[in-house]
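Residue numbers (the UniProt record's numbering): 1 to 252. Glycine is no exception: its CB is placed at the ideal position from the N, C-alpha and C atoms. Computed from a predicted model, the values in this text were never measured in an experiment. Following: one structure in structure tokens, then a few remarks.
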Amino acid sequence: MLPSDDAPVTAPSDVERGSGVALWRQIVERIEADIHEGHLAPGTRLPTEMELAERFGVNRHTLRRALATLNEQGLIEATPGRGTFVKEPPIRYPISSRTRFSEIVSGEGRAPSGRLIGSRVEPASAEIATALRLPPGSDVLRIDMLREADGVPITAGSHWYEAERCRDLDLLVAATGSVTRALETLGLGDYRRLETRITARLADEEDRRLLSLPAGRTVMVVEAINGDPQRRPIQFSRARFAADRVQLVVKN
1 MLPSDDAPVT APSDVERGSG VALWRQIVER IEADIHEGHL APGTRLPTEM
51 ELAERFGVNR HTLRRALATL NEQGLIEATP GRGTFVKEPP IRYPISSRTR
101 FSEIVSGEGR APSGRLIGSR VEPASAEIAT ALRLPPGSDV LRIDMLREAD
151 GVPITAGSHW YEAERCRDLD LLVAATGSVT RALETLGLGD YRRLETRITA
201 RLADEEDRRL LSLPAGRTVM VVEAINGDPQ RRPIQFSRAR FAADRVQLVV
251 KN
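This is the structure:
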């Protein structure tokens, strides 16, 4: 196991020079073994680059190469402002007739949270009007949200609602951090999934910023229509999920 932050600096002999195995590769193998053997549990925060470089007796360039390799292997993940952590297993995310982010994340033993990042009333595009069964150009309320599990961004999404039917919904979302609780206040909490479409693409600049993703990562784009018990559409959403943080499960 790697020393704790209070442990003395590891001697340079912790990696073997002249062994024929590159120092960065030895570091990868040591951290890899600690993760697989359970000495470094998912969610564990690693020491800083400087601390690790000192403990392994290498320069920071060598240490960074090792960390980059572990990141590419999906074993660790750096989150801006939080540090580098042993990666949590993907969240098992069932998509069924009743799909609720907070319930799913809580069921995985993680702490869900959400925050409003923008809202506005705009004319419905042809796609959104069709999804919500409205005349093209009708006023729709757009709500943009970021949702996290244990402080790690999982999905960023845009959600559209008939403006007149869902008046002040954005204010309720801002107050509660939850779309479900906000819709319950309007008497629309018993919504059901009517349709789901799933595609994948490379994360663009906005995805990388919101989801704290490095360049080259993939997002899964989930477009969904949710409706009331009479199957009248309430919401059309387009959410981008960090592909390596969730496992989408389609329930029959």
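Quick check: what's the CA-CA separation for V86 versus H39? On the sequence shown, residue 86 is found 86 positions in, with the first residue counted as 1. On the sequence shown, residue 39 is found 39 positions in, with the first residue counted as 1. Their backbone Cα atoms lie some 11 Å apart in a straight line.
Which residues in the same chain have their Cβ closer than 7 Å to the Cβ of Y161, if we skip the five residues on either side of it in sequence? Stepping through the sequence shown from its first residue, residue 161 is reached at position 161. So the qualifying residues of the chain are V140, L141, L169, I234 and Q235.
For the ligand FAD, is there any heavy atom lying closer than 8 Å to the beta carbon of S212? The ligand FAD is absent from the structure shown, which contains no ligands of any kind.
Below 8 Å on the Cβ atoms is my contact criterion, and I expect V173 with L116 to pass it. Report the Cβ-Cβ distance as a whole number of Å. Here residue 173 refers to the residue found at position 173 of the sequence shown. Here residue 116 refers to the residue found at position 116 of the sequence shown. Yes, V173 and L116 are in contact; Cβ-Cβ is about 5 Å, under 8 Å.
Let me know the alpha helix (DSSP H) ranges lying completely inside the segment 155-204, each 4 residues or longer, listed in chain order. 169-176 and 179-185
Does DSSP put T10 in a helix, in a strand, or in coil? As a first step, residue 10 must be located in the sequence shown, where it is residue number 10. Low local confidence applies: a pLDDT of 36 at T10 is under 50, so the model's placement there is unreliable, with the coordinate-based value given in what follows. Here T10 sits in coil by DSSP.
Where T84 and P47 are concerned, what is the direct C-alpha to C-alpha distance, given to the nearest angstrom? In the sequence shown, the residue the question calls residue 84 occupies position 84. In the sequence shown, the residue the question calls residue 47 occupies position 47. Their Cα atoms are separated by approximately 8 Å.
Selection from R133, G118 and T130 that minimises the alpha carbon distance to L210: Taking the sequence shown and counting its residues from 1, the one referred to as residue 210 is at position 210. Closest by alpha carbon: G118.
Buried or exposed: G137, going by 16 or more other Cβ atoms within 10 Å of its Cβ? The residue labelled residue 137 in the question sits at position 137 within the sequence shown. Exposed, because fewer than 16 other Cβ atoms sit within 10 Å of the Cβ of G137.
Could you check where the alpha helix (DSSP H) with V28 kicks off and where it finishes? Looking up residue 28 in the sequence shown gives position 28. Note, V28: alpha helix (DSSP H), L23 to H36.
Candidates G57, F241 and E164: which alpha carbon is nearest S158's? Position 158 of the sequence shown holds residue 158. Minimum Cα distance to S158 is reached at F241.
Identify which residue in D150, S102, G18 and E127 has its Cα closest to the Cα of P42. Counting from 1 along the sequence shown, the entry for residue 42 is found at position 42. Out of D150, S102, G18 and E127, D150 has the C-alpha closest to the C-alpha of P42.
If V250 and I95 are in contact, beta carbons under 8 Å, what's the gap, nearest whole angstrom? If you number the sequence shown from 1, residue 250 lands on position 250. If you number the sequence shown from 1, residue 95 lands on position 95. That belief holds up - the Cβ atoms of V250 and I95 are roughly 5 Å apart, short of 8 Å.
Simplified DSSP state of M1, which is helix, strand or coil: In the sequence shown, counting from the first residue as 1, residue 1 sits at position 1. Because the pLDDT at M1 is just 44, under 50, the model does not fix this residue reliably, and the value given afterwards should be weighed accordingly. If DSSP states are grouped into helix, strand and coil, M1 belongs with coil.
Counterpart residues of S113 in DSSP-defined beta bridges: Within the sequence shown, the letter at position 113 stands for residue 113. According to DSSP, which records beta bridges pairwise, S113 is partnered with E148.
Please report the straight-line C-alpha distance between V28 and A126, rounded to a whole angstrom. The residue given as residue 28 occupies position 28 in the sequence shown. The residue given as residue 126 occupies position 126 in the sequence shown. Their backbone Cα atoms lie some 51 Å apart in a straight line.
Reference M67, options R82, R55 and R25, closest by Cα: For the purposes of this step, residue 67 is taken as the residue at position 67 of the sequence shown. Checking the sequence, you will find Leu at residue 67 rather than Met. Cα-wise, what sits closest to L67 is R25.
Considering only their Cβ atoms, is the gap separating R65 from E49 smaller than 9 Å? For the purposes of this step, residue 49 is taken as residue 49 along the sequence shown, with counting starting at 1. For the purposes of this step, residue 65 is taken as residue 65 along the sequence shown, with counting starting at 1. No, Cβ-Cβ distance for E49 and R65 is not below 9 Å.
A22, buried or exposed, once every other Cβ within 10 Å from all chains shown has been counted against 16: Sequence index remark: in the sequence shown, residue 22 carries index 22 (1-based). Exposed.
Buried or exposed for D204, please, with buried defined as at least 16 other CB atoms from any protein chain shown within 10 angstroms of its CB. Against the sequence shown, residue 204 aligns to sequence position 204. With fewer than 16 other Cβ atoms within 10 Å, it is exposed.
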